[in-house]
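Numbering (our numbering), first residue to last: 12 to 140. Structure first, then comments.
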């Protein structure tokens with residue numbers, strides 16, 4: 012488990028597991044958030060392997076820098092691109108569409124280079140993966 016001191020001064024623990032099911036715990040080992048990815052080995056566009064964001068549940072630890080740390084740590088550990096839905100995509104049956112705070116959060120992670128830019132975005136081809 013990765014230890015992280017957040018903006019609130021408290022210590023949190025990030026369990027990356029296999030890169031698909033990430034869990035965030037507070038210092039008392041209570042679950043305060045989770046992120047779920049689907050690992051895709053190959054797609055029709057020639058990307059050989061990547062992680063696709065399916066569920067973003069950080070309500071218990073919002074705006075503390077923990078989400079950014081999870082994506083930074085994931086990129087460093089697994090060294091594979093992370094993709095996410097577009098804010099303009101339709102509602103998905105698997106729940107992977109972006110809603111509420113997920114929209115600006117994913118946009119911020121794209122700006123930081125932690126999530127790949129959307130297809131059609133001029134920076135899409137410049138992602139450093």
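Note that the Cβ used here is the ideal one computed from N, Cα and C, for glycine as well. Being a predicted model, the structure only gives us computed values, none of them experimental.
Using DSSP with H/G/I as helix, E/B as strand and the rest coil, what is residue i?
| i | result |
| --- | --- |
| residue 114 | helix |
| residue 126 | coil |
| residue 27 | coil |
| residue 67 | strand |
| residue 40 | coil |
CB residue i to CB residue j, shorter than 8 Å?
| i | j | result |
| --- | --- | --- |
| residue 80 | residue 62 | no |
| residue 77 | residue 17 | yes |
| residue 87 | residue 93 | no |
| residue 43 | residue 71 | yes |
Quick one: what's got a C-beta closer than 7 Å to residue i's C-beta in the same chain, skipping five residues either side?
| i | result |
| --- | --- |
| residue 29 | none |
Can you find the residues in the same chain that come closer than 6 Å, C-beta to C-beta, to residue i, ignoring five residues on each side of it along the sequence?
| i | result |
| --- | --- |
| residue 120 | 82 and 126 |
| residue 107 | Bear in mind that the predicted position of residue 107 carries a pLDDT of just 48, short of 50, making it too unreliable to give a figure here. |
Which residues share a DSSP beta bridge with residue i?
| i | result |
| --- | --- |
| residue 77 | Beta-bridge pairing links residue 77 to no other residue. |
So the candidates are the options; which of them puts its Cα closest to the Cα of residue i?
| i | options | result |
| --- | --- | --- |
| residue 20 | 85, 34, 27 and 38 | 38 |
| residue 89 | 27, 14 and 116 | 27 |
| residue 48 | 24, 75, 34 and 42 | 34 |
Below 8 Å CB to CB, which residues in the same chain sit around residue i once its five sequence neighbours on both sides are set aside?
| i | result |
| --- | --- |
| residue 59 | 52 and 53 |
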